[in-house]
Amino acid sequence: MEIFTKQLTPVDLERGLVLPPRSNLEHRELSTIVESSAGTRLPDPVTIHCSTTSGRLVFTRGWLDIARDAGLRSGDTVTFYQEVNGGAQYKMRVRNAG
Numbered sequence: 001m002e003i004f005t006k007q008l009t010p011v012d013l014e015r016g017l018v019l020p021p022r023s024n025l026e027h028r029e030l031s032t033i034v035e036s037s038a039g040t041r042l043p044d045p046v047t048i049h050c051s052t053t054s055g056r057l058v059f060t061r062g063w064l065d066i067a068r069d070a071g072l073r074s075g076d077t078v079t080f081y082q083e084v085n086g087g088a089q090y091k092m093r094v095r096n097a098g
């Protein structure tokens, strides 16, 4: 089930991924598997910390590691979703803009 899709901005890459208002996530740590649109994955799940900054939900610790390791840039797109298959699991698909 898709939670959100977002085109990245410079702020998302420098300070933390600001979640869209309708994302309906809680403040917590989310163990997340990251894969590219080509199907390649980062070697290990990453724990992303979801917190509130200026009244908005933001992925902070963990997210910045993903952005760096996946070589994400402004204009790239991320889709965050939950897969329920024998247990809830969060996944993030990243797609480069160009």
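With full-length UniProt numbering, the residue at position 40 of the sequence shown is 40, and numbering never jumps.
Ideal Cβ positions, reconstructed from N, Cα and C, are used throughout, including at glycine.
Fair warning: this is a prediction, and the values are worked out from it, not measured in the lab.
Roughly how many angstroms separate the alpha carbons of residue i and residue j, rounded to a whole number?
i: Arg73; j: Ala97; result: 8 Å
i: Leu13; j: Gln89; result: 24 Å
i: Pro20; j: Leu8; result: 11 Å
i: Thr79; j: Ser54; result: 23 Å
i: Thr52; j: Asp69; result: 24 Å
i: Lys91; j: Ser23; result: 14 Å
i: Glu29; j: Arg95; result: 23 Å
i: Met1; j: Glu83; result: 6 Å
Classify residue i as helix, strand or coil using the three-state DSSP reduction.
i: Ser23; result: helix
i: Arg68; result: helix
i: Leu57; result: strand
i: Leu30; result: strand
Just checking my contact of residue i with residue j at CB under 8 Å: how many whole Å lie between their CB atoms?
i: Thr47; j: Ser31; result: 5 Å
Query raised in the report: At a cut of 8 Å, does the segment 33-43 reach the segment 55-64 through at least three beta carbon pairs?
Result: Remark: fewer than three beta-carbon pairs, one from each stretch, lie closer than 8 Å, so the segment 33-43 and the segment 55-64 are not flagged as touching.
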